[in-house]
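A.B. asks: One structure is given below, represented as structure tokens, and several questions about it will come after.
Protein chains: 2
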Amino acid sequence: MKVVITGAAGFLGSRVADALLKLDSPIPVKKLILVDAILPPKRNDPRVNVVAVDLTSPEAALNLVEPDCDVFFHLAAIVSGHAEADFNLGMAVNFDATRSLLEVARKKVPALKFVFTSSCGVFGGNLPKIVTDMTACHPQTSYGVQKAMCELLIQDYSRKGFLDGRFVRLPTICIRPGAANKAMTSFVSGIVREPLNGQVAICPVDREQKVWISSPSMVVKNIIHAALVPANSLGLWRGINIPGFCVSVDEILTALRKVAGEKVVSLVRFEKDAEIRRMLESLPLNFDNSHALKLGFGVDTDFTDVINSYIRDELKQK
Amino acid sequence: MKVVITGAAGFLGSRVADALLKLDSPIPVKKLILVDAILPPKRNDPRVNVVAVDLTSPEAALNLVEPDCDVFFHLAAIVSGHAEADFNLGMAVNFDATRSLLEVARKKVPALKFVFTSSCGVFGGNLPKIVTDMTACHPQTSYGVQKAMCELLIQDYSRKGFLDGRFVRLPTICIRPGAANKAMTSFVSGIVREPLNGQVAICPVDREQKVWISSPSMVVKNIIHAALVPANSLGLWRGINIPGFCVSVDEILTALRKVAGEKVVSLVRFEKDAEIRRMLESLPLNFDNSHALKLGFGVDTDFTDVINSYIRDELKQK
Numbered sequence: 001m002k003v004v005i006t007g008a009a010g011f012l013g014s015r016v017a018d019a020l021l022k023l024d025s026p027i028p029v030k031k032l033i034l035v036d037a038i039l040p041p042k043r044n045d046p047r048v049n050v051v052a053v054d055l056t057s058p059e060a061a062l063n064l065v066e067p068d069c070d071v072f073f074h075l076a077a078i079v080s081g082h083a084e085a086d087f088n089l090g091m092a093v094n095f096d097a098t099r100s101l102l103e104v105a106r107k108k109v110p111a112l113k114f115v116f117t118s119s120c121g122v123f124g125g126n127l128p129k130i131v132t133d134m135t136a137c138h139p140q141t142s143y144g145v146q147k148a149m150c151e152l153l154i155q156d157y158s159r160k161g162f163l164d165g166r167f168v169r170l171p172t173i174c175i176r177p178g179a180a181n182k183a184m185t186s187f188v189s190g191i192v193r194e195p196l197n198g199q200v201a202i203c204p205v206d207r208e209q210k211v212w213i214s215s216p217s218m219v220v221k222n223i224i225h226a227a228l229v230p231a232n233s234l235g236l237w238r239g240i241n242i243p244g245f246c247v248s249v250d251e252i253l254t255a256l257r258k259v260a261g262e263k264v265v266s267l268v269r270f271e272k273d274a275e276i277r278r279m280l281e282s283l284p285l286n287f288d289n290s291h292a293l294k295l296g297f298g299v300d301t302d303f304t305d306v307i308n309s310y311i312r313d314e315l316k317q318k
Numbered sequence: 001m002k003v004v005i006t007g008a009a010g011f012l013g014s015r016v017a018d019a020l021l022k023l024d025s026p027i028p029v030k031k032l033i034l035v036d037a038i039l040p041p042k043r044n045d046p047r048v049n050v051v052a053v054d055l056t057s058p059e060a061a062l063n064l065v066e067p068d069c070d071v072f073f074h075l076a077a078i079v080s081g082h083a084e085a086d087f088n089l090g091m092a093v094n095f096d097a098t099r100s101l102l103e104v105a106r107k108k109v110p111a112l113k114f115v116f117t118s119s120c121g122v123f124g125g126n127l128p129k130i131v132t133d134m135t136a137c138h139p140q141t142s143y144g145v146q147k148a149m150c151e152l153l154i155q156d157y158s159r160k161g162f163l164d165g166r167f168v169r170l171p172t173i174c175i176r177p178g179a180a181n182k183a184m185t186s187f188v189s190g191i192v193r194e195p196l197n198g199q200v201a202i203c204p205v206d207r208e209q210k211v212w213i214s215s216p217s218m219v220v221k222n223i224i225h226a227a228l229v230p231a232n233s234l235g236l237w238r239g240i241n242i243p244g245f246c247v248s249v250d251e252i253l254t255a256l257r258k259v260a261g262e263k264v265v266s267l268v269r270f271e272k273d274a275e276i277r278r279m280l281e282s283l284p285l286n287f288d289n290s291h292a293l294k295l296g297f298g299v300d301t302d303f304t305d306v307i308n309s310y311i312r313d314e315l316k317q318k
């Protein structure tokens with residue numbers, strides 16, 4: 001199969017690529033096109049092509065969506081904090097570029113499996129205690145609005161047979177390796193990652209603040225699984241709330257203490273940030289995972305395990 | 001106040017204009033611009049200007065949204081059946097033209113009250129028995145998708161202070177005067193209107209099929225009321241499910257029999273249409289009206305009254 005990944009230089013995109021290139025990949029990959037605004041790292045695998053492209057340029061979609069393409073993972077996006085600060089850029093990248101890809105697929109590749117990474121940031125407002133598949137999207141960020149608009153388009157393109165789309169709403173991913181970014185939830189990884197590296201981390205919210213999270217490895221598995229779910233089992237809605245679990249800042253720090261000791265935990269400083277708090281408080285904290293689990297998506301449940309896999313997969317590999 | 005109405009040559013737009021020009025108008029109108037693709041009928045009132053414009057043309061929004069505008073009622077749309085048949089036209093008129101209006105308002109008139117008529121067609125899929133404000137939008141028509149995308153944009157533009165938007169999800173309006181149109185719910189009016197005119201009407205669904213409706217006069221009042229609701233009472237979501245009531249085809253015909261007799265009712269023929277039935281079955285049938293009623297929106301409840309006001313307001317005036 002020929003597979004394209006946008007956002008392939010990013011944290012999730014590069015890991016989806018890694019997983020697809022492995023021998024045990026659930027999708028048999030003959031050709032893998034890795035796309036990002038900066039050239040994704042080359043790989044020692046003849047199946048891989050790397051492409052640098054600005055998705056907002058008029059010819060980008062035309063060049064990327066080719067008739068022989070089987071699966072298209074569209075992960076490229078401007079993150080939440082950035083989309084909030086620069087509304088026009090968020091609209092151009094998160095919405096218009098996605099629409100262009102869908103339009104080209106409609107004309108050239110109606111059988112295309114189009115997997116889109118949405119976010120639990122499509123939810124917001126006066127949320128019920130437990131979010132289900134029938135909970136309304138009242139996003140309180142521009143990022144959430146842009147993702148929700150893409151979802152609606154993918155839903156309609158799929159219903160009309162223009163392509164075979166599906167979208168996964170990702171929990172906050174923790175622990176992300178690398179540097180902090182402009183996502184409002186960036187600190188959730190930072191308060192574990194930085195102390196483990198002997199650095200101070202700033203927590204902009206209260207200890208009691210809860211977050212809905214998934215580990216990177218589970219999210220990568222679930223994004224790939226989204227391409228494999230039969231269309232007819234999705235029913236009348238092409239979206240899946242990816243399973244996650246609810247954890248408080250306090251529980252994160254307790255797990256960190258258990259794994260790495262008090263000295264490491266003491267590197268976390270609390271400095272409140274009203275805007276991050278506002279955006280975060282609008283996010284859902286607990287979901288009913290049952291629909292996604294029934295469709296074969298996976299879930300991790302223990303934060304200590306999440307820290308241990310981060311140390312094993314990311315810190316020890318360096 | 002200066003008020004603009006798009007779709008002003010249409011059934012609802014012209015009635016909103018009538019109501020705003022009356023002495024007891026809840027909005028004190030100094031200038032009223034009536035806009036449509038065809039020139040709206042001139043009125044014998046010096047406050048009124050009529051404009052014919054194609055909303056999909058690049059300069060339309062720039063010309064229509066002027067700095068001295070106070071309230072903008074955006075009613076223009078391609079109806080559901082038409083948007084389903086011509087996806088590109090639906091996207092251009094229902095979505096892109098709305099986005100252009102919002103963009104110009106953002107740049108020129110951030111205090112603008114922007115009232116958008118959405119539809120209960122934003123709902124669909126596996127709906128709960130009673131739809132509330134927190135029910136998800138899983139639209140099963142392109143029309144519903146386009147309206148839902150506009151809602152999200154208006155929500156975000158309002159949250160960010162780009163303008164002061166609010167959108168009302170309209171029930172099926174019954175009884176519409178005039179000719180049948182391409183709306184999938186057009187027959188709901190047709191099975192009353194045509195027999196009252198001595199003509200045969202086709203009902204494309206079963207007698208048991210239910211619909212969620214409102215009378216034209218109540219919907220017009222509610223659209224105008226949407227401009228008057230204080231922004232802060234809307235809270236975190238700028239959308240209102242306009243109150244309506246649930247009635248079956250059978251109940252409609254029973255009321256028609258009561259008002260006009262068996263001979264009139266016998267003019268209704270049942271000829272099933274699978275596509276109309278599919279689209280209609282995806283619509284919600286019952287709502288929790290409480291939030292809208294609390295905000296001061298009105299509701300009518302008796303279908304016999306609805307028929308009688310149609311005869312009084314529309315048939316006798318001719």
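Chain order of the listed sequences is A and B.
With our numbering, the residue at position 27 of the first sequence is 27, and numbering never jumps.
With our numbering, the residue at position 33 of the second sequence is 33, and numbering never jumps.
For glycine and all other residues, C-beta sits at the position ideal for the given N, C-alpha and C.
Bear in mind the structure is a predicted one, so any value in this text is a computation, not a measurement.
With which residues is F72(B) paired in a DSSP beta bridge?
C.D. replies: Here residue 72(B) corresponds to residue number 72 of the second sequence, with the count starting at 1. F72(B) pairs with V4(B), F114(B).
A.B. asks: Any beta carbon from chain B within less than 9 Å of K140(A)'s own beta carbon?
C.D. replies: Numbered from its first residue, the first sequence carries residue 140(A) at position 140. Note that residue 140(A) corresponds to Gln in the displayed sequence, not to Lys. Judged by the 9 Å Cβ criterion, Q140(A) is in contact with chain B.
A.B. asks: Under the assumption that F95(A) contacts C150(A) (Cβ atoms under 8 Å), give the Cβ distance between them as a whole number of angstroms.
C.D. replies: The sequence position of residue 95(A) within the first sequence is 95, counting from 1. The sequence position of residue 150(A) within the first sequence is 150, counting from 1. F95(A) to C150(A), Cβ: 6 Å. Contact.
A.B. asks: Looking at the structure shown, is F270(B) part of a helix, part of a strand, or coil, going by DSSP?
C.D. replies: Position 270 of the second sequence holds residue 270(B). Strand.
A.B. asks: Should the stretch 237 to 247 of chain B be called in touch with the stretch 200 to 220 of chain B, which here means at least 3 C-beta pairs below 8 Å?
C.D. replies: yes
A.B. asks: Which residues of the stretch 225 to 238 of chain A have a Cβ closer than 8 Å to any Cβ of chain B? Give them in chain order.
C.D. replies: The stretch 225 to 238 of chain A vs chain B, Cβ under 8 Å: G235, L236, W237.
A.B. asks: Closer than 9 Å, Cβ to any Cβ of chain A: which residues of the stretch 51 to 77 of chain B, in chain order?
C.D. replies: none
A.B. asks: Quick check: the Cα distance between H291(B) and V109(A), rounded to an integer number of angstroms?
C.D. replies: Within the second sequence, the letter at position 291 stands for residue 291(B). Within the first sequence, the letter at position 109 stands for residue 109(A). Each residue's Cα considered, the two are about 44 Å apart.
A.B. asks: For G144(B) versus V168(B), is the C-beta distance shorter than 9 Å?
C.D. replies: Sequence index remark: in the second sequence, residue 144(B) carries index 144 (1-based). Sequence index remark: in the second sequence, residue 168(B) carries index 168 (1-based). No; because the gap between Cβ atoms is not below 9 Å, this pair is not in contact.
A.B. asks: Which residues in chain B sit within 8 Å of D405(A), going by Cβ to Cβ distance?
C.D. replies: Past the edges of chain A, shown from 1 to 318, lies residue 405(A), and the structure says nothing about it.
A.B. asks: Which residues in chain B have a C-beta closer than 9 Å to the C-beta of V145(A)? List them in chain order.
C.D. replies: Translated into positions along the first sequence, residue 145(A) becomes position 145. One finds L152, L153, Q155, D156, R159 in chain B with Cβ atoms closer than 9 Å to the Cβ of V145(A), taken in chain order.
A.B. asks: Nearest chain A C-beta to S282(B) closer than 9 Å, yes or no?
C.D. replies: Position 282 of the second sequence, counted from the start, is the residue given in the question as residue 282(B). Answer yes: the Cβ-Cβ gap between S282(B) and chain A drops below 9 Å somewhere.
A.B. asks: Please check the pair P40(B) and A9(B), which I expect to be a contact at CB under 8 Å, by giving their CB distance rounded to whole angstroms.
C.D. replies: Position 40 of the second sequence, counting from 1, holds the residue named residue 40(B). Position 9 of the second sequence, counting from 1, holds the residue named residue 9(B). 4 Å between Cβ atoms; contact.
A.B. asks: Along chain B, which residues have their Cβ under 8 Å away from the Cβ of M149(A)?
C.D. replies: Here residue 149(A) refers to the residue found at position 149 when the first sequence is read from its first residue. Ordered by position in chain B, the residues that pass the 8 Å Cβ test against M149(A) are M149, L152, L153.
A.B. asks: Under 7 Å Cβ to Cβ from P171(A), same chain only, skipping five residues before and after it: list those, please.
C.D. replies: Within the first sequence, residue 171(A) is the residue found at index 171, counting from 1. So the qualifying residues of the chain are C120, W212, I213, S214, I242, G244.
A.B. asks: Can you find the residues in the same chain that come closer than 7 Å, C-beta to C-beta, to S304(A), ignoring five residues on each side of it along the sequence?
C.D. replies: For this step, residue 304(A) is matched to residue 304 along the first sequence. The amino acid at residue 304(A) is misidentified as Ser; the sequence shows Thr. Contacts found: A255, K258, V259.
A.B. asks: Taking all protein chains shown into account, do 16 or more other C-beta atoms lie within 10 angstroms of the C-beta of F270(B), making it buried, or fewer, making it exposed?
C.D. replies: Taking the first residue of the second sequence as position 1, residue 270(B) is located at position 270. F270(B) comes out exposed.
A.B. asks: Among A227(A), A60(A), G124(A), which one has its Cα closest to the Cα of R324(A)?
C.D. replies: The requested residue 324(A) does not occur in the structure, where chain A is confined to residues 1 to 318.
A.B. asks: From which residue to which residue does the alpha helix (DSSP H) around I223(A) run?
C.D. replies: Numbered from 1 along the first sequence, position 223 holds the residue referred to as residue 223(A). Its alpha helix (DSSP H) spans residues 216 to 228.
A.B. asks: Over the uninterrupted beta strand (DSSP E) stretch that includes V53(A), give me the two end residues.
C.D. replies: Residue mapping note: residue 53(A) aligns to position 53 of the first sequence, counting from 1. It is not in any beta strand (DSSP E) - V53(A) carries neither H nor E in the DSSP assignment.
A.B. asks: Can you give me the start and stop residues for the beta strand (DSSP E) that R166(B) sits inside?
C.D. replies: Within the second sequence, numbered from 1, the residue matching residue 166(B) stands at position 166. Element bounds for R166(B): 164 to 170.
A.B. asks: Round the Cβ separation of L127(A) and P230(A) to the nearest angstrom and send it over; I've been treating them as touching at under 8 Å.
C.D. replies: Your numbering for residue 127(A) matches position 127 in the first sequence. Your numbering for residue 230(A) matches position 230 in the first sequence. About 30 Å separates the two Cβ atoms, so there is no contact after all.
A.B. asks: Apart from the five residues just before and just after V268(A), which ones in its own chain have a Cβ nearer than 7 Å to its Cβ?
C.D. replies: For the purposes of this step, residue 268(A) is taken as the residue at position 268 of the first sequence. Same-chain partners within the cutoff: I191, P195, A201, C203, L253.
A.B. asks: Under three-state DSSP, which class holds N181(A)?
C.D. replies: Counting from one through the first sequence, the residue named residue 181(A) turns up at place 181. In the structure shown, N181(A) sits in coil (DSSP, three-state: anything other than H, G, I, E or B).
A.B. asks: State buried or exposed for E84(A), treating a residue as buried only when at least 16 other CB atoms are found within 10 Å of its CB.
C.D. replies: As a working mapping, residue 84(A) is identified with position 84 in the first sequence. With 16 or more other Cβ atoms inside 10 Å of its own Cβ, E84(A) counts as buried.
A.B. asks: In whole angstroms, give me the CA-to-CA distance for K182(B) and G81(B).
C.D. replies: Here residue 182(B) refers to the residue found at position 182 when the second sequence is read from its first residue. Here residue 81(B) refers to the residue found at position 81 when the second sequence is read from its first residue. Each residue's Cα considered, the two are about 5 Å apart.
A.B. asks: Between G124(A) and chain B, is the shortest Cβ-Cβ distance under 9 Å, so that the two count as touching?
C.D. replies: Within the first sequence, the letter at position 124 stands for residue 124(A). Closer than 9 Å to some Cβ of chain B, the Cβ of G124(A) qualifies, so yes.
A.B. asks: Apart from the five residues just before and just after T301(A), which ones in its own chain have a Cβ nearer than 6 Å to its Cβ?
C.D. replies: Taking the first sequence and counting its residues from 1, one reaches residue 301(A) at position 301. Once the five neighbours on either side are set aside, the close Cβ partners of T301(A) are F245.
A.B. asks: Could you round the C-beta distance between V29(A) and R47(A) to whole angstroms and report it? I think they count as a contact, below 8 Å.
C.D. replies: Locating residue 29(A) in the first sequence gives position 29, where the first residue counts as 1. Locating residue 47(A) in the first sequence gives position 47, where the first residue counts as 1. Going by Cβ atoms, the distance from V29(A) to R47(A) rounds to 6 Å, so yes, they are a contact pair.
A.B. asks: How about P128(A): is its C-beta nearer than 9 Å to some C-beta of chain B?
C.D. replies: Position 128 of the first sequence, counted from the first residue, corresponds to residue 128(A). Judged by the 9 Å Cβ criterion, P128(A) is in contact with chain B.
A.B. asks: Grab the span of the alpha helix (DSSP H) containing N63(A) for me, first residue to last.
C.D. replies: Your numbering for residue 63(A) matches position 63 in the first sequence. Segment 60 to 64, the alpha helix (DSSP H) holding N63(A).
A.B. asks: Tell me which residue opens and which closes the beta strand (DSSP E) that N241(B) is part of.
C.D. replies: On the second sequence, position 241 is the one that residue 241(B) refers to. Element bounds for N241(B): 239 to 241.
A.B. asks: By the three-class DSSP mapping on this structure, what secondary structure does C137(A) have?
C.D. replies: Counting from 1 along the first sequence, the entry for residue 137(A) is found at position 137. Of the three classes helix, strand and coil, the one that applies to C137(A) here is coil, per DSSP.
A.B. asks: Would a C-beta distance cut-off of 9 Å place V65(A) and I223(A) closer than the cut-off?
C.D. replies: Within the first sequence, the letter at position 65 stands for residue 65(A). Within the first sequence, the letter at position 223 stands for residue 223(A). Cβ atoms of V65(A) and I223(A): not closer than 9 Å.
A.B. asks: Tell me the rounded alpha-carbon separation between I276(B) and V247(B).
C.D. replies: Taking the second sequence and counting its residues from 1, one reaches residue 276(B) at position 276. Taking the second sequence and counting its residues from 1, one reaches residue 247(B) at position 247. Roughly 17 Å separates the two Cα atoms.
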